[in-house]
Structures are given as C-alpha cells and as structure tokens.
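Comments concern the structure below.
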Amino acid sequence: MDTSDFQSINPASFYGKRYKRLGTALDDIASTSQHNVNIVLIPPEVDTLTDEEDINEDECDVRDFPNDVPGEVEVHYDSDDDNIPLSEMIVQANQGPSNLPKKMRTGTEAEPTWSEHKINLEMKETHGYVDRINHVKEQINNKTPVEIFEKLFDNDIFEHIAKQSILYAAQKNNHQFTVTQDDLRIFIAILVLSGYHKLPRERLFWSLDEDVSIPCVSTAMSRNRFQEIKKYLHFADNSKLDKSDKLYKMRPMVTMLNKNFQQWGIFHPHLSIDEAMVKYYGHHSAKQFIRGKPVRFGYKEWMLCSSTGYCYNFDVYCGAKPSCIETEIKAKPTLPLGSRVVLELLECVTEPSDHTVFFDNYFTSYDILKTLREKGFRATGTARDNRIKNCPLPSKSEVNKKERGHFFHMYDKTNNLLFVKWKDNSIVTMATNYDTIEPLSKVKRWSSAQKKKLMYHSPTYFLDITRQWEVSIFLIKA
Numbered sequence: 141m142d143t144s145d146f147q148s149i150n151p152a153s154f155y156g157k158r159y160k161r162l163g164t165a166l167d168d169i170a171s172t173s174q175h176n177v178n179i180v181l182i183p184p185e186v187d188t189l190t191d192e193e194d195i196n197e198d199e200c201d202v203r204d205f206p207n208d209v210p211g212e213v214e215v216h217y218d219s220d221d222d223n224i225p226l227s228e229m230i231v232q233a234n235q236g237p238s239n240l241p242k243k244m245r246t247g248t249e250a251e252p253t254w255s256e257h258k259i260n261l262e263m264k265e266t267h268g269y270v271d272r273i274n275h276v277k278e279q280i281n282n283k284t285p286v287e288i289f290e291k292l293f294d295n296d297i298f299e300h301i302a303k304q305s306i307l308y309a310a311q312k313n314n315h316q317f318t319v320t321q322d323d324l325r326i327f328i329a330i331l332v333l334s335g336y337h338k339l340p341r342e343r344l345f346w347s348l349d350e351d352v353s354i355p356c357v358s359t360a361m362s363r364n365r366f367q368e369i370k371k372y373l374h375f376a377d378n379s380k381l382d383k384s385d386k387l388y389k390m391r392p393m394v395t396m397l398n399k400n401f402q403q404w405g406i407f408h409p410h411l412s413i414d415e416a417m418v419k420y421y422g423h424h425s426a427k428q429f430i431r432g433k434p435v436r437f438g439y440k441e442w443m444l445c446s447s448t449g450y451c452y453n454f455d456v457y458c459g460a461k462p463s464c465i466e467t468e469i470k471a472k473p474t475l476p477l478g479s480r481v482v483l484e485l486l487e488c489v490t491e492p493s494d495h496t497v498f499f500d501n502y503f504t505s506y507d508i509l510k511t512l513r514e515k516g517f518r519a520t521g522t523a524r525d526n527r528i529k530n531c532p533l534p535s536k537s538e539v540n541k542k543e544r545g546h547f548f549h550m551y552d553k554t555n556n557l558l559f560v561k562w563k564d565n566s567i568v569t570m571a572t573n574y575d576t577i578e579p580l581s582k583v584k585r586w587s588s589a590q591k592k593k594l595m596y597h598s599p600t601y602f603l604d605i606t607r608q609w610e611v612s613i614f615l616i617k618a
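Residue 528 in my numbering sits at position 388 of the sequence shown, and the numbers go up by one each step.
Right, dumping it as structure tokens:
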C-alpha cells in the first residue's frame, strides 16, 4: 500500500491555515464553499495572561466585530463528511474481492439485508414519564416565574459564583471586594432585562434622561456596583484549571446547570437533538463560524430538548479534540461526530423505552439507529445518502423524474431499520428504527404549475411527527 491508495486530504482541514489579521481570514472564509469552519485564536507570545478584552464593554450593540486579534488566527475547514475515519478513505483499486489480510478488514458485524417487503419494527414502549411529569407539576404548581427560575438557577449556583468571584478579585489584589447572593440575583436580573429592553450603551440604564431612564435598575443597584461585579465575575478557580478544556472557565456552570435541568428526570416522551449557536463576536478559541446559519459567529452547543423546548442536557463544542467534553464518549470510533454526540447526550436518559428521539441529517447514520435500537431507544431522523450503509434506494436524479409525493422505501431485515426517499420540495431521505410507512398521510404543498396548494401523499406518518418535534429546538433557540 502506498500513498496513492488514499484520497487527498485538504491540508487546511488537517493543519489549519494561519493569518496575522482577522480581516484577511474573514475574506478567505467568505470566498470558500465550506459550510463548517473552525476559527482558532492563537494567543500572542507574552508572559502575562489577562481575562480582559480590548473592547468597549459599554457598547450594547454586539453586532460590531472586533478590529483585530492580539495574536494570530488559525482557520480549519471541516469536511462535510464529518470526521470520516482514515480507514474509510482508502480507495479500492479494484471492484473484486479485497486482497487485504483478514486482520485488516474492518467490521465483523452482519451486513444489512435489504428488502422492500414490510417487516415488524415495533419496539417496547413504556409510559414511566407520566409519573415524572405529574411530580414536576406538583413541584412547580402555583410558583411564580422567578421561583421556577430559581429551581434551575439555584442557591448552589449563586454561592459558587460568589465564591469564585471573590477569589478572583483577591487574585487581582482587590481583597476588599465582596459580593452576596442577593447582589448576584440583582445583577443577573439586570442582564435579563437588558436582553429584551435594548439601549445603545450600558450606562444609559442608569441615565436620568426621561427617554432612556429605567428607575427599577437604578434603584436596585448603582452603576458603579454593577460594573464592579461585572469586572470580577468568575465561575472557576484560575489556579486549578484544566488547560486541555477550552471551556474550563465555564465547565462548573455547565455541569451544575445540566444537573438542575435533570433534577426531575426526563419527563417528556418526545426528545429532539440538535445544535444551537450562541452569538459571540469576541476572542475565544472555541468560537465557531458556520456558513448559512442565522447566527454565524459564536459558540456551538449540542442540545437535548423536549418537544416543548425544555433543555435536559447540553454541551459546548470545543473542536475536534474530545478533551473539552467532561463525560467520556463511550461510542464506537467509527461513528461520525454527530452520532457520537447523540449517545453522549442520551446518557442522562435512564428509561429508553419511555422516549422517542428525533434528529436531523447531521446526527443520523445507519450505525446510530442500529445502536439506539440495541439500547431500547426509538429514533427517527433525516439522513444523508452517504450514511445509509449503501441502501439500494434510487438516486436523487431518478427520484426527481417522478411526480411530487412519490417515494421509495427499503427495509433492513438484519437490524430492523427502514429507509425512505421521498420527493417533496426537494428529495428527502428519512430513516427510522421503529416506525412504518403506513398509514399514509397527506400534506399540503404549493404547486407552481397550478398556482395553488395541492395535497400530496406523505410516505409515512413519522415524517410529520419528526417535523412537529423539531419545533423543540426552535423554541429553545428563541
């Protein structure tokens, strides 16, 4: 075997490309066709590190980009194939039987057996979530929104923030600084208010001018006190940081919030997994750039949510290295990144048969559906054609020749999976490990030829269910 047996790898995706100026990097990113781009900020060669950014924090318009970065910018272009293992990049020189030694052949699992004939995909379904949701109702019945918020953002979190903020101030030689839990509650309340009551500058919240004056803010906390707390606000001990974790300064908060989100167990039957972007334009090595998203710059989060938008589990994506993830991913190394994320987020679910999981084509693969079925999870998602284990469905060009609403399906008798390719506005590939095609449903679509909405067959009921539960992520993003 020599280097000609491998497909070429884009050096920019492996080593990254460095720039001295942010503007040059953004120009190159804008000219590329890649959708997923990781921007890494390389710190300058200095002996003293600081937590402060050289930006005007009084400006509330976060749409402004920083003028430049203190060090260099490294840009990594992710492949759309999402961390394909090297073994899958081997180009087979011939189409006959493999000449590789048996010990080098990958995969000992049974190959799929494809058939159009219907098979039984039913899985065990329980309803233990009903008791849990009744318990939640008892816990929060007649409570105010603030009291419900404090169930999630509880005293332990406020105590932790106060302790770490005082410690950080002492590390900065300000031993007189102190902050109480009540101070932090007022501080966070002002932050929440500033999220929906927009003013051009932070200082205007304490202005005496009638057009911008907000008495509830100025009477609750002085401007100087607010800025002092903001200056020393901290969430982790700088002397005990795990430098291998890019999110080390926020990791305690992520852990405590996930614990509080799960304090009543998983009390919804339908769960959805997706990514969400947290807008951020400052300097941080975990900041992402994703083309085509409403929020292009910021932190990318993996989220497990309910159909009503309640978040059960989340983590922040910190790059290809798994060191930023607190819980070790106990997944097969051959699974794509999205599929490994699914298994990690679902570790908090104790009764798989109580729930049905939905996700989009970033997370769906043949192996993840098979693995979830083995674990007892019912799962459905849209799928990419290169992740369905060579399922013999017609190509997109063939499906495009059919009328709208036409569909093709194929069952895997070995692992009890179903794949469907349907012609809608575009060609949609769906995959499930528990559902079936029937009963057929109808969907209303606009016909450009007849200038009106017409009814078309939907190949399976789970298509409509999937779209219904995708609302969960949109609710949490809002």
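Where a beta carbon is used, it is the ideal one built from N, C-alpha and C, also for glycine. Predicted model, so just to flag it, every value in this text is computed and none were measured.
Please report the distance separating the alpha-carbon of K584 from that of I577. As a working note, residue 584 is residue 444 in the sequence shown. As a working note, residue 577 is residue 437 in the sequence shown. K584 and I577: Cα-Cα distance of roughly 18 Å.
Could you work out which residue in L444, C451, I326 and L387 is closest to A360 when comparing CA atoms only? Start at 1 with the first residue of the sequence shown, and residue 360 comes out as number 220. Cα-wise, what sits closest to A360 is I326.
Residue from T318, D349, Q316 and S358 with nearest C-alpha to L333: Along the sequence shown, read from residue 1 onward, the residue named residue 333 stands at position 193. Nearest option by C-alpha distance: S358.
DSSP puts G438 in a beta bridge; with which residues? Position 298 of the sequence shown holds residue 438. Answer by DSSP bridge pairing, in chain order: K419 and Q428.
In the DSSP output, what is N282 paired with across the bridge? Along the sequence shown, one-based indexing puts residue 282 at 142. Its beta-bridge partners do not exist; DSSP assigns none.
Using the C-alpha atoms, what's the distance from V215 back to R341? Walking along the sequence shown from the start, residue 341 turns up at place 201. Walking along the sequence shown from the start, residue 215 turns up at place 75. Distance between the alpha carbons of R341 and V215: 32 Å.
Please determine, among I508, N501 and K515, the residue with the shortest C-alpha to C-alpha distance to E415. In the sequence shown, residue 415 corresponds to position 275, counting from 1. For E415, the nearest C-alpha among the options comes from N501.
Beta-carbon contacts of V180 that lie in its chain and below 8 Å, excluding the five residues immediately before and after: Along the sequence shown, read from residue 1 onward, the residue named residue 180 stands at position 40. So the qualifying residues of the chain are G156, V213, E214, V215, H216, S425 and G459.
Within the continuous alpha helix (DSSP H) that includes A309, where are the two ends? Here the question's residue 309 lines up with position 169 in the sequence shown. From DSSP, the alpha helix (DSSP H) with A309 extends over N295 to Q311.
Hey, how far is the Cα of Y450 from the Cα of L411? If you number the sequence shown from 1, residue 450 lands on position 310. If you number the sequence shown from 1, residue 411 lands on position 271. Near 9 Å, if we compare the C-alpha coordinates of L411 and Y450.
Considering only the alpha carbon of each residue, which of C488, Y421 and Q403 lies closest to H275? Taking the first residue of the sequence shown as position 1, residue 275 is located at position 135. Of C488, Y421 and Q403, the residue nearest in Cα terms is Q403.
Hey, Y457 and N378: beta-carbon distance below 8 Å or not? As a position in the sequence shown, residue 457 is number 317, starting the count at 1. As a position in the sequence shown, residue 378 is number 238, starting the count at 1. No, the Cβ-Cβ distance between Y457 and N378 is not below 8 Å.
Chain D within 8 Å of R436, Cβ atoms only: Looking for chain D here will not work: only one protein chain is present.
V456 bridges to which residues according to DSSP? Position 316 of the sequence shown, counting from 1, holds the residue named residue 456. Its beta-bridge partners are E441.
Report yes if the CB atom of S493 is closer than 8 Å to the CB atom of E265, and no otherwise. Along the sequence shown, one-based indexing puts residue 493 at 353. Along the sequence shown, one-based indexing puts residue 265 at 125. Yes. Within cutoff.
For the beta strand (DSSP E) that contains R158, what are its first and last residues? Residue mapping note: residue 158 aligns to position 18 of the sequence shown, counting from 1. Per DSSP, R158 belongs to the beta strand (DSSP E) from K157 to Y159.
Quick test of your reading: R343 and R365, contact by CB under 8 Å. State the CB separation rounded to the nearest angstrom. For this step, residue 343 is matched to residue 203 along the sequence shown. For this step, residue 365 is matched to residue 225 along the sequence shown. Going by Cβ atoms, the distance from R343 to R365 rounds to 13 Å, so no, they are not a contact pair.
According to DSSP, is S598 helix, strand or coil? Position 458 of the sequence shown, counting from 1, holds the residue named residue 598. If DSSP states are grouped into helix, strand and coil, S598 belongs with the strands.
Output needed for A376: all residues of its chain with C-beta closer than 8 Å, excluding positions within five of it in sequence on either side, in chain order. Looking up residue 376 in the sequence shown gives position 236. Excluding positions up to five away in sequence, the list reads Q304, Y388, K389, M390, R391 and P392.
Please name the residue in I306, N314 and L339 whose C-alpha comes closest to that of D323. As a working note, residue 323 is residue 183 in the sequence shown. The shortest C-alpha separation from D323 is found at I306.
Is T253 buried or exposed, if buried means 16 or more other CB atoms sit within 10 Å of its CB? For the purposes of this step, residue 253 is identified with residue 113 of the sequence shown, where counting begins at 1. With fewer than 16 Cβ atoms within 10 Å of its Cβ, T253 is classed as exposed.
Buried or exposed, going by whether 16 or more other CB atoms sit within 10 Å of the CB of S353? Numbered from its first residue, the sequence shown carries residue 353 at position 213. S353 should be labelled exposed.
Could you tell me which residues DSSP puts in a beta bridge with G521? Within the sequence shown, residue 521 is the residue found at index 381, counting from 1. DSSP, once it has assigned bridges, lists F499 and A571 as partnering G521.
Over what stretch of residues does the alpha helix (DSSP H) that includes F401 continue unbroken? Taking the sequence shown and counting its residues from 1, one reaches residue 401 at position 261. It spans R391 to F401 - the alpha helix (DSSP H) in which F401 sits, taken as one unbroken run.
For my contact list, F503 and S479 are in at a C-beta cut-off of 8 Å; report their separation, rounded to the angstrom. Locating residue 503 in the sequence shown gives position 363, where the first residue counts as 1. Locating residue 479 in the sequence shown gives position 339, where the first residue counts as 1. About 6 Å separates the two Cβ atoms, so the contact holds.
For S581, name the three-state secondary structure that DSSP assigns. Counting from one through the sequence shown, the residue named residue 581 turns up at place 441. Of the three classes helix, strand and coil, the one that applies to S581 here is strand, per DSSP.
Cα-Cα separation, S347 to K383: Counting from 1 along the sequence shown, the entry for residue 347 is found at position 207. Counting from 1 along the sequence shown, the entry for residue 383 is found at position 243. In a straight line, the C-alpha of S347 is about 41 Å away from that of K383.
Distance, N526 Cα to M229 Cα: One-based indexing of the sequence shown puts residue 229 at position 89. One-based indexing of the sequence shown puts residue 526 at position 386. For M229, the predicted structure reports a pLDDT of 37, less than 50, and the residue's modelled location is therefore unreliable. The matter cannot be settled from this model.
Just how far apart, CA to CA, sit K510 and E249? For the purposes of this step, residue 510 is identified with residue 370 of the sequence shown, where counting begins at 1. For the purposes of this step, residue 249 is identified with residue 109 of the sequence shown, where counting begins at 1. Answer to the nearest angstrom: the Cα atoms are 11 Å apart.
Starting from K433 and walking both ways along the alpha helix (DSSP H), at which residues does that stretch end? Taking the sequence shown and counting its residues from 1, the one referred to as residue 433 is at position 293. Run containing K433: none; DSSP gives neither H nor E here.
Quick check: the Cα distance between H423 and K370, rounded to an integer number of angstroms? Start at 1 with the first residue of the sequence shown, and residue 423 comes out as number 283. Start at 1 with the first residue of the sequence shown, and residue 370 comes out as number 230. When rounded, the distance between both Cα atoms is 18 Å.
Rounded to the nearest angstrom, what separates T572 and F559 at their Cα positions? Position 432 of the sequence shown holds residue 572. Position 419 of the sequence shown holds residue 559. Looking at the two C-alpha atoms, the distance is approximately 7 Å.
Entirely within the region 338 to 362 and at least 3 residues each: give me those beta strand (DSSP E) ranges in chain order. none
Kindly identify the DSSP beta-bridge partner or partners of K593. Counting from one through the sequence shown, the residue named residue 593 turns up at place 453. DSSP output for K593 lists W586 as bridge partner(s).
Taking only the alpha-carbon atoms, compute the straight-line gap between L557 and Y551 and give it to the nearest angstrom. The sequence position of residue 557 within the sequence shown is 417, counting from 1. The sequence position of residue 551 within the sequence shown is 411, counting from 1. Whole-angstrom Cα-Cα distance: 6 Å.
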